[in-house]
Structures are given as C-alpha cells and as structure tokens.
Amino acid sequence: MKLSRLLPYVFCVLYLILAIATLPNYGVNWDEGAHFIRGQTFLNYVLTGKKDFSNLPDLEGGSYVQDFGYVFKDEKTHTVIRRSMYQFMPFSFYIDDIENRGNHPVFSDMIAAVSNYIFFQKLGIASDVYSYNFYSVLLGALLVLATFLWVEKIFGWFSGLIASLSLALFPLYWGELHFNVKDIPETVYFSLSIYLFFFAVTKMSLKYLIAFSLVGAMAFATKFNFLFSIFIFLPWISTMIIPAFRKTGMVKIHEFIRNNRLFIVWCLFIPLIFVLVWVGSYPASWFEPKLLLASIAYYKKIGTSASAGLKVYPLYYVLFATPLIILLYWLLGIIFGFKLKGIAKNAFFLVLFWFLVPIIRVMFPRAVIYSGVRQIMEYIPPMAILAGIGAGFLIKIYKNYTRYKQYKDYSFLLQILIFLSFIPITLKMISMHPNESLYFNPLIGGLKGAEEKSIPGAGESLGNEYRQAVLWLNRYAEPNATLVLGYELNSNLPRVWVRNDIAYTDDPVSGTLRKGEYIISTAQIEDRLMWYPMRYVENFLNPVYIITEDGIPLMKIWKNDKEHTKKGYLQEEEAVAGITFTSNLYGAQVNLPEQSFVTRLELDLPNSCSREDTIVGSFTFQTGNNKKSPIVIPARRYKIFEEFLYPKPFYLLAAEEAKSITLNSYVSDDCLAAIQDIRVYRLKNNPL
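Residue numbers for the sequence shown follow the numbering used here, so the first one is 367 and each next one is one higher.
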C-alpha cells in the first residue's frame, strides 16, 4: 500500500489513541450521569433478567479506588468484582410515573453501558467513568476515517484528507467526543447513514440501502434528530429526478420501477426497521408501551417553545466558532461546488442540504436550542467536507494554471502548505486543552469577545470543568475536608474522582454559619445567581481557585470560612429601623429609609398563617440608583434555613443592595394581605 493511502488510516489510529489518552483530562456532561444510569439498568435486565442490582456488592461511601472505581474481592470465589457507581437504579423507576419518564431513546445509553461492562467491569483496563466514553471516542475516530473514505471516492484523495482533518480538528467535535455519549454518537450515525444513502441511491444498491436502514435506525434510536434527515434526502433526490424526468418522461420512470422493485419495497420497510431498533433497545417500553408516546411528548416539550421570531444565533456559531482556516476552505467549497459535474455535483448538493437543514431547523420560531450548538452537531461533518472540496479546488486551479502556462507542476508543495495551514488551530487547541469545545475564532475576539458580545451559550460546556476543579481540590485540600456543589446535582461530579478522605455530600452551602466546606460551582450558567447559595458565595467569599479560559472564569472553588470571607462581609447584621410596608393578596412592598445591604427578612403573620413556605414567587430588590437594574430572585426557602433559629417565616438574603424590596406572589394568598409586621436586617456598614 502506498504511503498516501496508508496516511489516513495511521492518522485515524493516532487520533483514537490521543483521544483515549486525554480522556482523564475531561469531565462529564451534566446529562451523562442519567444516561449511564439508565443504560446500566436496562443492560442489567437484558444480561441477567434482574430488575435491580441486589446480586452485586453494596456501594459504600469512600470505599472506591480513587479515579478508578469500586472494586471488591469475592472471598468465596477469589474473583474480583468491579461495580460501576451508576449501577443502582431499579428497573421499576423507569416504568413508574410514565408521563414524566419520557426521554431520549436509549440505544446509545445501552451501548455506553456495554463499553463500561467490557472495559471496566470485565477487563479492568479502564476506569469506571471513562470506560463509558470509550464508546463516543471510538465512534468519533471512526467518522474521521469514514469521512476520508467517502470524500476520497468522490472528490479525490487530497479533498478527503482535508475533509477528515477539518473534522478531526474542529474544536467542538474534538472536545465533545470526550464527554458526550448522546450528541457525538448521533452525529456519527447521522453522517454514516448519509454516506450510505448516497451510494444506495446513486448505485441503486440494495446492499447499501440495507446498511443505511440499520445505521439510520441507530441514529433514530439515539436521538429523534434523525427525523429531519428527510428534509435533506427529499430535496437532494429532487435535484436528480426532475432533470431526469424532463429528459426521459414517464416511460423511463415505469421502467425504473420495474427494474428496482426489491429496492423500492425495502424502502417501504425502513420506517418499521427504525421503530423496531428503537423499541428493541428500550426494555422499559416492553412493559409500558406508553413510554414511547411519552418520549415523543418529551421531544415536543424540550424542542419547542412559545417564543416567536427567527433565531440567528446558530449562524453566529457557524461564523465565529469555526476555525478560520476551515471557514476559508468551506467558503471556497461552496463557491466552487456549483461548478462540479456528474456524481461529484450530486454529492455536493447532498452535502449542502445536509449542512443547511440542521441549522435552519433551529432558527424557526418556537424552535428551542441552548448552550451552543452541540445539539445540532450534524452540521459539522458536511462543513468539513465542503472545506475538503474547497481545498481540492485550489489544487485543481493551480494545476490548470501551470498546465496552461506550461510551468512545472509544484502542486505537491501547495498541498503541503494547505496541510500546514492547520498548524495554528492545532496549537490553539493545545493551548485550550481540555476546554477546546469553548473555542471562538479571532473574528469575534475569541471566547472573551463572544462573552463581551453576549453570544448565547458562550463558555458553557455543561460540566467539563468539574474534572479540572476536583484535580485541584484533591491536591490542595486539607485532610478530611468537606466538599459540596453550589447548586448543581452531585452527579455532575462523579464521586470516584474525589479523594477518599474528602466528605463529598449533598448538604447545602452553609451560608453565614461558615462550616468550612469547599464549594465547587460553574461560573457560566447565567441563572445560577437566582439562587441564594450562589449569591452568597459570589457576594461573601473570595474564591480559592478559578478555572479560566481566555480570561473568562469557567468554574470557581470557594472555602466557606472566615479566612476566605471578603473584607467587609464579616461584620454583624442589624435591624433596619424606620421601614414602611404595604401588602395585599399578591405580595408586599417594603421601603427602607436608606440604601442597605439586606441579609434577612422576617414576616409576622397571624397564627393561622404561620408556616415555613409563605411565598411562591420572587423578591425584587430596587436600588436608589435608577441606572442599576433591579435584582429578581425566587422567594424560596433552602435546606440550610433549618439550622438558623430565627422566627419563622424568614428568608436569608446575600447582602442584597436595596432601597426597596418587593415580594411578588404568583398566586393570591390571604396571608400576605394579613402581614402584621416585616423586619429587615442588613450589614451594619457598607461592605464595598
């Protein structure tokens, strides 16, 4: 085999090795825990027929091997048992409360669990958490190779090389394949199915059509996004059928049908194959078929909203989250693609529709997309292919020019230069590691520029940074420290990553009790500051460590003790004298005599009304400075409130600057109209 033919295979293998080797540097996606748990529950049922994990040793607190998992020795058989921390949910959980159990299809959850079963539980060659992501990493590398093979067959070797390189070095793709077992598999299956569909149609090959139906079913059984492929296939087929019909008329159409009956009949069965794979990989639906309808309703719920107007922010990501060199070749690919002929022209139009549909579908009114474009990553492979087409055309133009001028052909040097043009983005990704998925290009000023211009989802990885945070904590925290998360679920940070002596609990932030716990929390989710625990740590504490990228804070670690409390926030509080208030069925208005930093609010209610949760609504804090926007936070109680011995009902506040406070109730409440007194407490002196 020639070196040029071998190169893509070597690159793919090296890409896979590097991806696996770097897995321990990444965190887990916030959604992954739920997918791991569900996959293990269903796999356990398929393998053993059991609906719980009672046959396995108990998962006990800190008895795990740090950064590996729970390992037990069976004294009777002298065998080693490795149990995943995600093996605990009984099967019954997924068939109770059917209306609220609708979710994504579970095919990839099951395969990720199989990956864990093989590499962690049986072979013990990979840690518990990362063995799940072997699945997405393997698929991600496979798509890099498949993209080369498909593009090379149609557009040539060099276009295939640049297309696969563009995909491999697309920062979002590289980053997400380390911690996303839903969107990466969907992107891979989606892409492979399109490659197969192209050959099935252009060759009228039943073999390719059968392969397409199976791979497409895997895509459908991973995410329902694949349903939108119909809006890729139909326009593309039309670009071939309409010209053919004009030339041949109905006679040839009838002849085509007669000659391809089996092919056409199989097409009719494809929807059935999709449904069979979906249901077959979803054991809970075997007992409760209504779960299938609940899953469809779930997609309607998360995929649509009442918001009107076109959403342009997906276009921002195409322009600003794509490396400049790929953007340049992509643009050339679109321009020159229209000049293609024959099968290459057919392939170009398929790729173009493939690129456009995922983006356009989330721009329509009522469509929902959040936290960047990871949910529509199907657009990345066609963008890479178009980049390959563009780079290939540069070589073609140069060759035509040298042939016309009768110059010596040095096109191989141009190929080398194009290949070397990917060095800057490679170096940038190395410098960002392991936060590559947050990349923005220089057109917008990098991640910092995207933040300054308020690009939605900029800086949000949905969990990757927890790994970096816990590595710092394991190294620097004192023995027997306590760790809590600010407001997130504990599943966001796998317990087995935490040093064994550290007490990792789901206790709340202790607030002004200052129990000395470490607090880890994201700095990028905007609505985090709606909650008292996060407002407390941001207002009262100096962080002990901040994870940043391009000068933008991604995650912070605080220690809730006096030493790390901000100067001015250790002072005692005092009651505010001279306040006035009015109340009605829907809340109360409290006016303070002067601007204050409010720390607590107490309500006096008639005995018949005294209860802990008085308000279902929000607080609005208005300063005397009209230039300052009011602060609005939920009016709710937190678990930590139970440890404070103040008269109830009361609400702790994080030294909120206010001249007036409005209590807004979402429902009519007679007790609010009956408020007898309101007491407001503040820091004695201005802490700023």
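Glycine is no exception: its CB is placed at the ideal position from the N, C-alpha and C atoms.
Quick caveat: nothing in here was measured; it's all calculated off a predicted structure.
query                                                                                                                   : result
Status (buried if at least 16 other CB within 10 Å, exposed otherwise) for Asp893                                       : exposed
Distance between Ala687 and Leu658 (C-alpha atoms, nearest Å)                                                           : 36 Å
Cβ neighbours of Arg404 in the same chain (closer than 8 Å, five flanking residues each side left out)                  : Met455, Tyr460, Asn469, Val472 and Asp475
Residue of Ile789, Leu851, Ser820 and Pro689 minimising C-alpha distance to Ala835                                      : Leu851
Closest Cα partner of Ala507 within the set Ile491, Gly541, Phe521 and Val495                                           : Gly541
Proximity of Ile912 and Lys925 at Cβ, strictly below 7 Å                                                                : no
Proximity below 7 Å, CB of Tyr679 to CB of Pro822                                                                       : yes
Those residues which DSSP pairs with Leu1049 across a bridge                                                            : Glu939
Ile891 - DSSP class collapsed to helix/strand/coil                                                                      : coil
Leu1029, DSSP secondary structure in three states                                                                       : strand
Validate contact between the segment 589–603 and the segment 545–564 using beta carbons, cut 8 Å, 3 pairs               : yes
Those runs of the beta strand (DSSP E) which lie wholly inside the segment 711–758 and span at least 3 residues         : none
Separation of Trp652 from Ala587, as counted between CA atoms                                                           : 15 Å
Straight-line gap, Asp494 to Phe434 (C-alpha atoms, nearest Å)                                                          : 6 Å
Stretch pair the segment 532–541 + the segment 571–582: three plus CB contacts closer than 8 Å                          : no
Residue from Phe788, Phe1010, Ser1034 and Glu915 whose Cα sits closest to the Cα of His799                              : Glu915
Alpha helix (DSSP H) segment containing Ala492, residue limits                                                          : Per DSSP, Ala492 belongs to no alpha helix (DSSP H) and is neither H nor E.
Where Val437 sits in the DSSP three-state scheme                                                                        : strand
At least 3 beta-carbon pairs within less than 8 Å: the segment 662–678 vs the segment 715–734                           : yes
Within 7 Å, strictly: CB atoms of Glu883 and Val964                                                                     : no
Short Cβ contact (7 Å threshold) for Ile1041 with Leu969                                                                : yes
Residue range of the unbroken beta strand (DSSP E) whose run includes Asn950                                            : Thr946 to Asn950
Segment contact, 8 Å Cβ cut-off, at least three pairs: the segment 983–991 with the segment 1025–1034                   : yes
Under 7 Å between C-beta atoms of Glu654 and Ile945                                                                     : no
Identity of the residue in Trp523, Asn591, Lys589 and Tyr555 nearest Ile578 by Cα                                       : For the sequence presented, residue 578 should be read as Phe rather than Ile. Ranking Trp523, Asn591, Lys589 and Tyr555 by Cα distance to Phe578 puts Tyr555 first.
Inter-residue spacing [alpha-carbon to alpha-carbon] between Ile331 and Trp632                                          : What is shown of the chain runs 367 to 1054, which leaves residue 331 out entirely.
Identity of the residues DSSP links to Val431 by a beta bridge                                                          : Gly435
Span separating the alpha-carbon of Leu1038 from that of Ser949                                                         : 6 Å
Pro551, DSSP secondary structure in three states                                                                        : helix
Residue span of the beta strand (DSSP E) that contains Thr965, given as start and end                                   : Gly953 to Asp970
CB of Ile999 within 7 Å of CB of Pro874, strictly                                                                       : no
Proximity to Asn973 [Cα-Cα], best of Phe377, Asp1036 and Lys994                                                         : Asp1036
Neighbourhood of Pro860 by C-beta distance below 7 Å, restricted to the same chain and skipping five residues each side : Val394, Met451 and Val495
CB-CB length for Ile520 against Ile763, believed under 8 Å                                                              : Contact flag wrong, Cβ pair sits at about 19 Å.
Residue burial classification, Lys589 (beta-carbon count within 10 angstroms, cutoff 16)                                : buried
Rounded C-alpha distance that separates Asp880 from Lys928                                                              : Looking at the sequence shown, residue 880 is not Asp but Arg. Rounded to whole angstroms, Arg880 to Lys928 spans 7 Å at the Cα level.
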